[in-house]
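Peer 1: Residue numbers (this note's numbering), protein chains in the order written: chain A, 146 to 432; chain B, 31 to 307.
Just so you know, even glycine gets a beta-carbon here, dropped at the ideal spot from N, CA and C.
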Ligand SMILES: Nc1nc2c(ncn2[C@@H]2O[C@H](COP(=O)(O)OP(=O)(O)OP(=O)(O)O)[C@@H](O)[C@H]2O)c(=O)[nH]1
Ligand SMILES: Nc1nc2c(ncn2[C@@H]2O[C@H](COP(=O)(O)OP(=O)(O)OP(=O)(O)O)[C@@H](O)[C@H]2O)c(=O)[nH]1
Ligand SMILES: [Mg+2]
Ligand SMILES: [Mg+2]
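Below, the structure written as structure tokens:
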């Protein structure tokens with residue numbers, strides 16, 4: 146349905162003999178709907194629409210482009226400028242990566258996917274299982290890690306995640322990439338946010354990646370901002386993009402934290418992780 | 031003065047935005063707006079009338095109409111034995127945790143319950159629900175990881191029948207509505223268990239995708255109601271409205287945390303008043 150709506154927009158532009166203000170406004174309104182259906186934040190959609198409208202009406206089209214093609218190009222460029230160009234993940238020789246995020250977003254699964262990613266790049270990975278709340282969290286991680294052939298430290302009966310981090314770091318002394326999986330939490334859970342801050346202090350991560358479910362709607366911006374304010378994020382992992390959700394909430398997460406989307410999750414398997422591709426992401430939103 | 035379309039659109043604009051910002055899906059907002067227009071367009075109001083209050087109330091009423099009332103405990107009380115409920119939904123929405131909460135509620139209300147660990151797919155899934163069952167003192171039926179999900183469900187129902195237990199709660203693996211193989215598998219689990227209710231477990235934090243998800247799930251197996259989780263996560267939870275509008279079935283409960291008692295009966299009217307105060 147989303148691609149139908151934008152095909153409709155393209156048809157409007159390409160069939161119109163020339164572009165005028167009324168047509169531009171109509172095109173922008175259609176694009177607004179595509180963005181909102183993809184869960185892009187309402188305020189962001191409003192700002193984007195204004196900029197797109199101004200650019201489309203005022204800028205001279207680039208030579209060789211019809212005014213119509215110019216409008217479409219403008220929409221793409223505005224969205225890509227928010228996300229940045231596709232960037233290979235910068236691999237240091239040693240790294241500590243902390244994964245945080247809302248309950249059920251995909252952190253545990255992502256920790257193993259990341260471990261596999263690192264080992265394919267020649268870095269020896271190690272995962273610390275610091276979720277002490279969720280029943281069988283350690284079992285889940287062990288079973289996944291076994292498939293990826295990566296070592297895990299955890300305490301199945303453990304109650305103190307900070308102690309687990311300390312013991313885990315000792316065990317991970319020979320590893321190149323140490324990944325910390327944490328319990329799910331959201332910004333209204335003050336005690337859990339306090340714990341997250343303490344874990345970050347003890348673990349001293351090089352990377353703090355917020356794991357976001359692509360189904361996350363309009364609260365994405367506020368949640369990301371709260372995580373960023375608490376421990377300072379260095380990136381985002383957007384999961385479950387193999388489903389129906391377009392992940393528009395991630396745009397706000399990026400806008401609110403000044404970071405980039407590093408990876409996307411495209412399935413439950415440990416190989417289902419890819420470097421974020423902004424052009425593919427935007428095309429999916431615009432259909 | 032007669033209320034014309036331009037004025038009505040103007041009065042609706044901010045309210046529409048409030049609904050969208052609360053994660054009510056766009057097509058549901060459109061439908062509700064059309065409903066309000068049908069009710070108010072062309073009507074004349076006295077000179078002192080507070081038009082924005084009138085429009086807001088009309089919108090509230092229209093959204094509230096989306097909800098169908100339902101009392102899960104009553105339905106179970108009057109239902110057959112064993113009463114079978116299958117829990118379905120996309121990955122990570124809180125199905126397994128919700129089953130634990132429902133089991134706690136049922137035990138407290140005097141129903142004997144058995145849980146089927148029919149997520150035979152995901153890492154640690156059986157261990158997770160096994161721990162919940164042991165915490166709750168509720169019987170669990172499981173087989174090994176990789177076993178046939180429908181077989182576990184069937185096993186649990188037979189167990190309940192043999193022991194005269196009241197309710198069977200069947201956990202299933204999270205799955206994307208876009209994955210045809212997994213959706214076919216779910217269809218089979220439901221066909222074999224012949225449940226009294228299939229409940230969609232949705233996330234209060236999710237946005238527009240729920241409409242398509244609920245529609246697709248409903249095509250594979252008729253959905254009888256929903257439970258919305260993570261309502262404690264400071265989201266307005268408009269997805270509950272989207273789900274109710276798409277399903278036209280009751281939202282029975284809200285999950286309001288990770289503890290066994292964090293389950294409260296859904297009240298549509300109160301819910302809408304939170305979104306459109
Ligand atoms: N289809 C799909 N499923 C995913 C993806 N990432 C994770 N999942 C699934 O989403 C569910 C939740 O994943 P987890 O890794 O347990 O999420 P979590 O953030 O660790 O959850 P908590 O620890 O409870 O907060 C599981 O069913 C995963 O298999 C993805 O990219 N695609
Ligand atoms: N804050 C909060 N967390 C919840 C709620 N319900 C479930 N959770 C958490 O969400 C995470 C996922 O819950 P699960 O029960 O594993 O979800 P699921 O749907 O069974 O996941 P899959 O089987 O992997 O698809 C866990 O960390 C739960 O504790 C809720 O109402 N509030
Ligand atoms: Mg986890
Ligand atoms: Mg589950």
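#1: Pick out whichever of 193(A), 251(A), 254(A), 235(A) has its Cα sitting closest to the Cα of residue 216(A).
#2: Using 8 Å as the Cβ pair cut-off and three pairs as the minimum, do the region 306–322 of chain A and the region 236–252 of chain A touch?
#3: Rounding to the nearest angstrom, what Cα-Cα distance links residue 165(B) and residue 158(B) in this structure?
#4: For the region 354–361 of chain A against the region 226–243 of chain B, do three or more pairs of beta-carbon atoms, one drawn from each stretch, fall closer than 8 Å, so that the two count as touching?
#5: In angstroms, rounded to a whole number, what distance separates the CA positions of residue 307(B) and residue 86(B)?
#6: What are the partner residues of residue 52(B), as DSSP defines its beta bridges?
#7: Are the C-beta atoms of residue 398(A) and some chain B residue less than 9 Å apart?
#8: Consider the C-beta atom of residue 284(A) and the heavy atoms of ligand 4; say whether any pair is separated by less than 8 Å.
#9: Counting C-beta neighbours from all protein chains within 10 Å, is the total for residue 103(B) 16 or more, i.e. buried, or is it exposed?
#10: On the DSSP letters alone, give me the boundaries of the beta strand (DSSP E) that residue 297(A) sits inside.
#11: Round the Cβ separation of residue 115(B) and residue 200(B) to the nearest angstrom and send it over; I've been treating them as touching at under 8 Å.
#12: Since residue 385(A) meets chain C, which of its residues come closer than 9 Å, beta carbon to beta carbon?
#13: Closer than 7 Å, Cβ to Cβ, to anything on chain A: give me those residues from the region 235–264 of chain B, in chain order.
#14: Can you check which of these residues, 377(A), 401(A), 427(A), is closest to residue 392(A) by C-alpha distance?
#15: How is the beta strand (DSSP E) around residue 227(B) delimited, first residue to last?
#16: From the DSSP output, in three-state form, read off residue 146(A) for me.
#17: Looking only at C-alpha atoms, which of 99(B), 88(B), 55(B) sits nearest to residue 179(A)?
#18: So with Cβ pairs under 9 Å, would you call residue 155(B) a contact of chain A?
#19: Counting only Cβ pairs nearer than 7 Å, list the residues of chain B close to residue 284(A).
#20: Against residue 247(A), what residues of chain B qualify as contacts under a CB-to-CB distance less than 8 Å, listed in chain order?
#21: Can you tell me whether DSSP reads residue 227(A) as helix, strand or coil?
#22: Is the beta carbon of residue 273(B) sitting closer than 9 Å to the one on residue 232(B)?
#23: Quick one: which residues of the region 172–188 of chain A get their C-beta closer than 9 Å to a C-beta of chain B? List them in chain order.
#24: Closest Cβ-Cβ distance between residue 375(A) and chain B: below 9 Å?
#25: Hey, residue 243(B) and residue 432(A): beta-carbon distance below 9 Å or not?
#26: Does the beta carbon of residue 148(A) sit closer than 9 Å to a beta carbon anywhere in chain B?
#27: Taking only the alpha-carbon atoms, compute the straight-line gap between residue 394(A) and residue 307(A) and give it to the nearest angstrom.
#28: Please state if the CB of residue 298(B) and the CB of residue 99(B) are separated by a distance shorter than 9 Å.
#29: Identify which residue in 186(A), 249(A), 199(A), 166(A) has its Cα closest to the Cα of residue 430(A).
#30: How close, in whole Å, do the beta carbons of residue 332(A) and residue 415(A) come, if the pair is a contact with beta carbons under 8 Å?
#31: Under 9 Å between the Cβ atoms of residue 35(B) and residue 67(B)?
#32: I'd like to know if residue 189(B) contacts chain A, where contact means its C-beta is closer than 9 Å to some C-beta of that chain.
#33: Is residue 389(A) near ligand 1, going by C-beta to nearest heavy atom under 8 Å?
#34: On a CA-only basis, which of 274(A), 279(A), 280(A), 314(A) is nearest residue 300(A)? Give me that one, please.
#35: Spatial neighbours of residue 263(B) within its chain, please: C-beta separation below 6 Å, excluding the five flanking residues on both sides.
#36: Nearer than 8 Å: is that true of the beta carbon of residue 124(B) relative to any heavy atom of ligand 3?
Peer 2: Put simply:
#1: For the purposes of this step, residue 216(A) is identified with residue 71 of the first chain, where counting begins at 1. Comparing alpha carbon positions, the residue from 193(A), 251(A), 254(A), 235(A) closest to residue 216(A) is 193(A).
#2: yes
#3: Position 135 of the second chain, counted from the first residue, corresponds to residue 165(B). Position 128 of the second chain, counted from the first residue, corresponds to residue 158(B). Those two C-alpha atoms are separated by around 11 Å.
#4: Verdict: yes, contact present.
#5: The residue given as residue 307(B) occupies position 277 in the second chain. The residue given as residue 86(B) occupies position 56 in the second chain. Computed Cα separation, rounded: 9 Å.
#6: Residue 52(B) sits at position 22 when you count from the first residue of the second chain. In the DSSP output, where bridge partners are listed per residue, residue 52(B) has none listed.
#7: Numbered from its first residue, the first chain carries residue 398(A) at position 253. Answer no: the Cβ-Cβ gap between residue 398(A) and chain B never drops below 9 Å.
#8: To locate residue 284(A), count along the first chain from 1; it is residue 139. For ligand 4, not one heavy atom lies less than 8 Å from the Cβ of residue 284(A).
#9: Taking the second chain and counting its residues from 1, one reaches residue 103(B) at position 73. Exposed, since its Cβ has fewer than 16 Cβ neighbours within 10 Å.
#10: The count along the first chain starts at 1 and reaches residue 297(A) at position 152. Per DSSP, residue 297(A) belongs to the beta strand (DSSP E) from 296–299.
#11: Walking along the second chain from the start, residue 115(B) turns up at place 85. Walking along the second chain from the start, residue 200(B) turns up at place 170. Contact between residue 115(B) and residue 200(B) holds, with the beta-carbon distance rounding to 7 Å and staying under 8 Å.
#12: Here chain C cannot be found, since the structure's protein chains are A and B.
#13: 235, 236, 237, 238, 239, 242, 243, 260, 262, 263, 264
#14: Against the first chain, residue 392(A) aligns to sequence position 247. Taking only the C-alpha atoms, the option nearest residue 392(A) is 427(A).
#15: Here residue 227(B) is taken as the residue at index 197 of the second chain, counted from 1. Taken as a continuous stretch (DSSP letters only), the beta strand (DSSP E) holding residue 227(B) covers 227–233.
#16: Start at 1 with the first residue of the first chain, and residue 146(A) comes out as number 1. The predicted position of residue 146(A) is uncertain, since its pLDDT is 42 and thus under 50; a value taken from the coordinates is nonetheless stated next. In the structure shown, residue 146(A) sits in coil (DSSP, three-state: anything other than H, G, I, E or B).
#17: Against the first chain, residue 179(A) aligns to sequence position 34. Closest option to residue 179(A), Cα to Cα, is 55(B).
#18: Along the second chain, one-based indexing puts residue 155(B) at 125. Interface residue, yes.
#19: If you number the first chain from 1, residue 284(A) lands on position 139. For residue 284(A), the chain B residues whose Cβ falls inside 7 Å of its Cβ are 154, 157, in order along the chain.
#20: The residue you call residue 247(A) lines up with position 102 of the first chain. Near residue 247(A) (Cβ distances below 8 Å), the residues of chain B are 235, 260, 263.
#21: By 1-based counting over the first chain, the position of residue 227(A) is 82. Correct three-state label for residue 227(A): helix.
#22: Locating residue 273(B) in the second chain gives position 243, where the first residue counts as 1. Locating residue 232(B) in the second chain gives position 202, where the first residue counts as 1. With respect to residue 232(B), residue 273(B) sits close: the two C-beta atoms are nearer than 9 Å.
#23: 178, 181, 182, 183, 184, 186, 187, 188
#24: Within the first chain, residue 375(A) is the residue found at index 230, counting from 1. Answer no: the Cβ-Cβ gap between residue 375(A) and chain B never drops below 9 Å.
#25: Residue numbering aside, residue 243(B) sits at position 213 when the second chain is read from its first letter. Residue numbering aside, residue 432(A) sits at position 287 when the first chain is read from its first letter. No.
#26: The residue labelled residue 148(A) in the question sits at position 3 within the first chain. Low per-residue confidence applies at residue 148(A): pLDDT is 49, beneath 50, and the placement is therefore not dependable, though the value from the model is reported in the following sentence. Not closer than 9 Å to any Cβ of chain B, the Cβ of residue 148(A) fails to qualify, so no.
#27: As a first step, residue 394(A) must be located in the first chain, where it is residue number 249. As a first step, residue 307(A) must be located in the first chain, where it is residue number 162. If I take the Cα positions, the gap works out to 31 Å.
#28: Locating residue 99(B) in the second chain gives position 69, counting from the first residue. Locating residue 298(B) in the second chain gives position 268, counting from the first residue. Cβ distance < 9 Å, so residue 99(B) and residue 298(B) count as in contact.
#29: As a first step, residue 430(A) is located in the first chain; it is residue number 285 there, counting from the start. Distances from the CA of residue 430(A) to each of 186(A), 249(A), 199(A), 166(A) were compared; the closest alpha carbon is that of 186(A).
#30: Looking up residue 332(A) in the first chain gives position 187. Looking up residue 415(A) in the first chain gives position 270. With 8 Å as the limit, residue 332(A) and residue 415(A) do not qualify as a contact, their Cβ atoms being about 29 Å apart.
#31: Against the second chain, residue 35(B) aligns to sequence position 5. Against the second chain, residue 67(B) aligns to sequence position 37. Yes, these two residues count as a Cβ contact at 9 Å.
#32: Indexing the second chain from 1 puts residue 189(B) at position 159. Chain A, which has no Cβ nearer than 9 Å to the Cβ of residue 189(B), makes this no.
#33: Against the first chain, residue 389(A) aligns to sequence position 244. Every heavy atom of ligand 1 is 8 Å or more from the Cβ of residue 389(A), so no.
#34: Your numbering for residue 300(A) matches position 155 in the first chain. For residue 300(A), the nearest C-alpha among the options comes from 274(A).
#35: In the second chain, the residue the question calls residue 263(B) occupies position 233. Excluding positions up to five away in sequence, the list reads 235.
#36: Taking the second chain and counting its residues from 1, the one referred to as residue 124(B) is at position 94. Result no, Cβ not under 8 Å from ligand 3.
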